[in-house]
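Trainee: The working numbering puts the sequence shown at residues 736 to 927.
Heads up, the beta-carbon is just placed ideally off N, CA and C, and yes, glycines get one too.
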Amino acid sequence: MDHLRRIAAGPAEFAPGGAGHLVLEVIAYAADEAESRGGGRCVVTLHADGSVSVADDGRGTDTRVDERGRPVKKPVMATKDLRFFDSPHTERLPDGHPRRGMSVVAALSEWLLHTNRRADGAWTQRYEHGVPVTGLTPVPPDGTTGTVVHFLPADQGHGPAPTGDDLTRWAEHWPHLAVRLDDRRMPTSDHS
């Protein structure tokens, strides 16, 4: 909780530029997965309610089954990613700011839904201000694998949502990942 409170108290420090930086934090994980597999895709969807989702075609978040047969996943949404968060040598995201991890996205969102599809099962979990408010809820398999992170930034006035031009420019940073924008904010949108 202290980690999440620290982030929530400093949105300008942890998500400079607002929603665009949060999107980059999520895409960075899809890019890691794409690089490890030699390629991948993700779709960034801007929803009419101000929320954003990032869906990738990777293997899904690592999930194990405990001794009772219950799924247990890495707590990536609510905990400090030790590879990035306090490291002075962390990678820079395409906006020039340091990568800190998924806990930044979760802590700076009103809500976040993490949907995970793996070859051996699928589930979803809801967070509010970074805190899990549900357990892992099974979802029906659909024959795909990957992760969807759908979130509503807590301060929608803090920086604009990314544009198609932003995503095109940022995607050059990750040559193994094809990024597409689906803008559903306007009824006349062409969903490019």
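1) Taking 6 Å as the limit between beta carbons, can you name the residues of its chain near residue 738, skipping five residues before and five after?
2) Can you check the stretch 841 to 889 for any alpha helix (DSSP H) of at least 4 residues that lies completely inside it and give the ranges in chain order?
3) Start and end of the beta strand (DSSP E) containing residue 898?
4) Please report how far the alpha carbon of residue 898 lies from the alpha carbon of residue 802, in whole angstroms.
5) From what residue to what residue does the alpha helix (DSSP H) around residue 759 run?
6) Report buried or exposed for residue 840, applying the criterion of at least 16 other Cβ atoms within 10 angstroms of its Cβ.
7) So, at 8 Å on beta carbons, what are the nonlocal neighbours of residue 890 in its own chain, with the 5 sequence-adjacent residues on each side left out?
8) By a C-beta neighbour count over all protein chains shown, 10 Å radius and 16 as the cutoff for buried, is residue 796 buried or exposed?
9) Under 8 Å: do the stretch 787 to 795 and the stretch 843 to 855 share three or more Cβ pairs, one atom per stretch?
10) Roughly how many angstroms lie between the CA atoms of residue 820 and residue 845, to the nearest whole one?
11) Which stretch, first to last residue, makes up the alpha helix (DSSP H) that contains residue 737?
12) Whole angstroms is fine: what's the gap from residue 892's alpha carbon to residue 755's?
13) I'd like to know if the stretch 870 to 877 and the stretch 903 to 919 are in contact, where contact means that at least 3 CB-CB pairs between them fall below 8 Å.
14) From the DSSP output, read off the bridge partner residues of residue 814.
15) Is residue 910 helix, strand or coil by DSSP?
16) Can you check whether the CB of residue 829 is closer than 7 Å to the CB of residue 908?
17) Give the secondary structure of residue 790 by DSSP, where H, G and I count as helix, E and B as strand, and everything else as coil.
18) So, is residue 903 buried or exposed, given that buried needs 16 or more other C-beta atoms within 10 angstroms?
Mentor: Taking the coordinates as given:
1) Excluding positions up to five away in sequence, the list reads 815.
2) Taking only runs of at least 4 residues, no alpha helix (DSSP H) segment lies wholly in the stretch 841 to 889.
3) It is not in any beta strand (DSSP E) - residue 898 carries neither H nor E in the DSSP assignment.
4) Distance from the CA of residue 898 to the CA of residue 802, rounded to the nearest whole angstrom, comes to 46 Å.
5) Looking at the DSSP string, the run of the alpha helix (DSSP H) that includes residue 759 is 754 to 772.
6) Here residue 840 is buried: its Cβ has 16 or more other Cβ atoms, across all protein chains shown, within 10 Å.
7) Answer for residue 890: 746, 753 and 843, listed in chain order.
8) Classification for residue 796: buried.
9) Touching, yes.
10) Roughly 21 Å between the two C-alpha positions.
11) Boundaries of the alpha helix (DSSP H) around residue 737: 737 to 743.
12) Because residue 892 sits at a pLDDT of 49, beneath the cut-off of 50, its placement in the model cannot be relied upon, and the following sentence gives the value as read from the coordinates. Between the alpha carbons of residue 892 and residue 755 lies a distance of about 12 Å.
13) The way I'd put it, the stretch 870 to 877 doesn't touch the stretch 903 to 919; fewer than three beta-carbon pairs between them come closer than 8 Å.
14) Per DSSP, none; premise fails for residue 814.
15) Residue 910 falls in the coil class under three-state DSSP.
16) Their beta carbons are under 7 Å apart, which means residue 908 touches residue 829 by this criterion.
17) Note: residue 790 maps to strand in three-state DSSP.
18) Answer is exposed; the Cβ neighbour count stays below 16.
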